[in-house]
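Residue numbers for the sequence shown follow this note's numbering, so the first one is 84 and each next one is one higher.
First comes the structure, then the notes that go with it.
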Amino acid sequence: MNADPRRKLALWRRINSPVAIRVGDTKRGDAAVRAWWENIFCYYDIDPASPDRWERVSWYLAVKAFPEFRLIQSAPVGRQKATPKRAKLLSKFEDYQAPKRGPKRGSKSKHFLTEHRAACAAAGVKTENGLKAAIAKAKRERKIEREGVELRRAIDAIQAQHQRNLAEPAVKSATKSTPKSNAKLNKQFRIR
84 MNADPRRKLA LWRRINSPVA IRVGDTKRGD AAVRAWWENI FCYYDIDPAS
134 PDRWERVSWY LAVKAFPEFR LIQSAPVGRQ KATPKRAKLL SKFEDYQAPK
184 RGPKRGSKSK HFLTEHRAAC AAAGVKTENG LKAAIAKAKR ERKIEREGVE
234 LRRAIDAIQA QHQRNLAEPA VKSATKSTPK SNAKLNKQFR IR
């Protein structure tokens, strides 16, 4: 989408111009900041009402802020990661029930290694200690992946709440606290 160069220049000047407001006038200050952001969105041809406007404008601004960033493609070097294979191995290991034979039944990992040799070999595991290390690494990777998913969910929830807050007008509380109720609260929470 190519915009008119004169319009772009006018927006550029508006974005880079200071706005004078009175000290303590937060309403006009907030309105000026909102208008400033809308001008930035318009400058980059982004719909100010679009739900992904912040992500889209961040791409433009990141490129301007860090112009030396580049993606350099190269051929994969060395052994490929065994992360999916380790995850599959971990799943099989957690589902595995070691046989209970006699007093010397051995460890679960030892029995698993003998009974699932092909799956272990696919993940690059040859010894019992190698299996234990692969299982531990797969557990760490799963934990990191879950934390990333939880973080993404939290960010999405915060963004959704922010959108709801922007959409709903501010509602003032109809009840006002009285000095008597404040004294009761101060006593209850030991505020002096």
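For each residue, glycine too, the CB sits at the ideal point set by N, CA and C.
With 16 other Cβ atoms within 10 Å as the buried cut-off, status of R105: The residue in question, R105, is exposed, as its Cβ has fewer than 16 Cβ neighbours within 10 Å.
Exposure of I238, with buried meaning 16 or more beta-carbon neighbours within 10 Å: I238 comes out exposed.
F195 versus A181: straight-line alpha-carbon distance, rounded: One C-alpha to the other measures close to 7 Å.
Span of the alpha helix (DSSP H), counted from its first residue to its last, around N248: Where N248 is concerned, the enclosing alpha helix (DSSP H) stretches over 211–250.
contact_flag[the region 217–228, the region 168–177] where n(CB pairs < 8 Å) is 3 or more: The region 217–228 vs the region 168–177: in contact.
Endpoints, the alpha helix (DSSP H) within which F176 is located: Counting along the chain, the unbroken alpha helix (DSSP H) around F176 starts and ends at 166–178.
Y126 in three-state terms, based on DSSP: Note: Y126 maps to helix in three-state DSSP.
Cα-Cα separation, V140 to A115: In this structure, the alpha-carbon of V140 lies about 18 Å from that of A115.
Run of the alpha helix (DSSP H) containing V140, from where it starts to where it stops: 136–148 is the extent of the alpha helix (DSSP H) around V140.
DSSP-derived helix/strand/coil call for R200: For R200, the three-state secondary structure derived from DSSP is helix.
7 Å CB neighbourhood of N99 in its chain, flanking five on each side removed: Within the same chain, N99 has no close Cβ partners at all.
7 Å CB neighbourhood of I123 in its chain, flanking five on each side removed: For I123, where only same-chain residues beyond five positions count, the Cβ hits under 7 Å are I98, V140.
Counted within 10 angstroms of its Cβ, other Cβ atoms place A206 as buried (16 or more) or exposed: So A206 ends up on the buried side.
Top-ranked residue by Cα proximity to L94, from E151, Y126, D87: In terms of Cα proximity to L94, the closest of E151, Y126, D87 is Y126.
Residue range of the alpha helix (DSSP H) that includes A93: Per DSSP, A93 belongs to the alpha helix (DSSP H) from 88–98.
Same chain, Cβ closer than 7 Å to T166, five either side skipped, listed in chain order: If we look at T166 and ignore the five residues flanking it on each side, its Cβ neighbours are E224.
Buried or exposed by the 16-neighbour rule on C-beta atoms within 10 Å, applied to S192: With 16 or more Cβ atoms within 10 Å of its Cβ, S192 is classed as buried.
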